[in-house]
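Residue 141 is where the sequence shown starts when you use this note's numbering, and the numbers rise one by one after that.
Backbone N, C-alpha and C define an ideal beta-carbon position, used for all residues, glycine too.
A quick note: this is a predicted structure, and the numbers were derived from the prediction, not measured.
See below for the structure under consideration.
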Amino acid sequence: MTTVQPVRAGDRLSASEVDDVLALAAAAGVLDGVYPLSEDVVLRVRLGGGLHLLSYAGDRLAGYAFVSDGSGELVVHPQFRRLGHGTALLAAAGSGPLAFWAHGDDPGAAAFASRNGFERARVLWQMRRSLLEPLPSIPFPDGITIRAFQPGADEQAWLDINARAFAHHPEQGKWTLDDLLAREAEPWFDPDGFLLAVTGSGDLAGFHWTKVHPASGAEPALGEIYVLGVDPSGHRRGLGAALSVAGLSHLAGAGLTVANLYVDESNEGAVKLYRGLGFQVHKTDISYKRP
Numbered sequence: 141m142t143t144v145q146p147v148r149a150g151d152r153l154s155a156s157e158v159d160d161v162l163a164l165a166a167a168a169g170v171l172d173g174v175y176p177l178s179e180d181v182v183l184r185v186r187l188g189g190g191l192h193l194l195s196y197a198g199d200r201l202a203g204y205a206f207v208s209d210g211s212g213e214l215v216v217h218p219q220f221r222r223l224g225h226g227t228a229l230l231a232a233a234g235s236g237p238l239a240f241w242a243h244g245d246d247p248g249a250a251a252f253a254s255r256n257g258f259e260r261a262r263v264l265w266q267m268r269r270s271l272l273e274p275l276p277s278i279p280f281p282d283g284i285t286i287r288a289f290q291p292g293a294d295e296q297a298w299l300d301i302n303a304r305a306f307a308h309h310p311e312q313g314k315w316t317l318d319d320l321l322a323r324e325a326e327p328w329f330d331p332d333g334f335l336l337a338v339t340g341s342g343d344l345a346g347f348h349w350t351k352v353h354p355a356s357g358a359e360p361a362l363g364e365i366y367v368l369g370v371d372p373s374g375h376r377r378g379l380g381a382a383l384s385v386a387g388l389s390h391l392a393g394a395g396l397t398v399a400n401l402y403v404d405e406s407n408e409g410a411v412k413l414y415r416g417l418g419f420q421v422h423k424t425d426i427s428y429k430r431p
């Protein structure tokens, strides 16, 4: 049996470590049928920030974990599971309150969490609908017009409305300018698919930021409701639904045939909106929390 080595920790990975982490994640994704790292963690792997934990078996990367602000993700290479790497990564992450996301509602992840004192705390649904089916016609409230996001001009206004719209969301509401600019630098970023709802005075009332995922293997190309928000300080009835349809229409017009989104199971208002637009649950992610 290969001995589990002391876990390496740092706030930034070398180029070779980045390659190793992404290769490990890809191998786990093939076996498990779901990619084990979120978009935000992949960005941190490439750009740095947070705490990166690496567990090795000899000279091979066997496990990886990321932690930031008491929450993170953990994955062990399929060839090195049940050898203590996951436990070593958890120990290196420290004691006290901690939450880890498991992508896919996997019994193995649930058992590992339970053994280590973690409880099921949040459920995140990926929902999908066909874009070949007709979309409803939902008008915008009076006084609202739609335009595309303007890089270099709209960042602060968007960050302000995003913070208000997601004030109680543990991740989205904390976005910084660096978070936004990192995504603007990504190849998938398209300002024409970043729709802003604007009042007559020019203030932002809401937004629908879409994202296109290219086809991969058996997965079709996906048009995502990436972030959708409405300013709670000036709520206009029906604006969220109208923005949803506007973004989905943009994706359908770009040739996408399937739309997806992520939403907390507990967000009853959003779930009701998306079900009303024809979305159904496709897969489930679980956050396990240690008190």
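Could you tell me the boundaries of the beta strand (DSSP E) in which residue i lies?
i, result
"residue 350", "344 to 353"
"residue 213", "211 to 216"
"residue 404", "398 to 404"
"residue 339", "Neither: residue 339 is in no beta strand (DSSP E) and is coded neither H nor E."
"residue 261", "259 to 270"
Please state whether the Cβ-Cβ distance between residue i and residue j is less than 7 Å.
i, j, result
"residue 195", "residue 263", "no"
"residue 350", "residue 401", "no"
"residue 167", "residue 225", "no"
"residue 376", "residue 281", "yes"
"residue 204", "residue 164", "yes"
"residue 427", "residue 241", "yes"
"residue 207", "residue 183", "no"
"residue 421", "residue 265", "yes"
"residue 336", "residue 347", "yes"
How long is the line joining the alpha carbons of residue i and residue j, rounded to whole angstroms?
i, j, result
"residue 162", "residue 187", "13 Å"
"residue 105", "residue 144", "In the structure displayed, the chain extends from 141 to 431; residue 105 sits before or after that span and is not available."
"residue 229", "residue 154", "19 Å"
"residue 215", "residue 170", "13 Å"
"residue 409", "residue 252", "32 Å"
"residue 175", "residue 255", "23 Å"
"residue 245", "residue 260", "10 Å"
"residue 416", "residue 308", "24 Å"
Give the range of the alpha helix (DSSP H) segment to which residue i is assigned.
i, result
"residue 296", "295 to 305"
"residue 409", "408 to 416"
So that I know if they touch, is there some Cβ in chain B lying closer than 7 Å to that of residue i?
i, result
"residue 419", "In the structure shown, chain B cannot be found, because there is only a single protein chain."
Going along the chain, which residues of its own chain have a beta-carbon closer than 8 Å to the beta-carbon of residue i, five neighbours each way excluded?
i, result
"residue 320", "295, 298, 299"
"residue 185", "153, 158, 161, 162, 177, 192, 206"
Excluding the five sequence neighbours on either side, which residues of its own chain have a C-beta within less than 7 Å of the C-beta of residue i, listed in chain order?
i, result
"residue 272", "397"
"residue 329", "323"
Which whole runs of the alpha helix (DSSP H) in the stretch 148 to 221 are 4 residues long or more, in chain order? 155 to 172, 179 to 187
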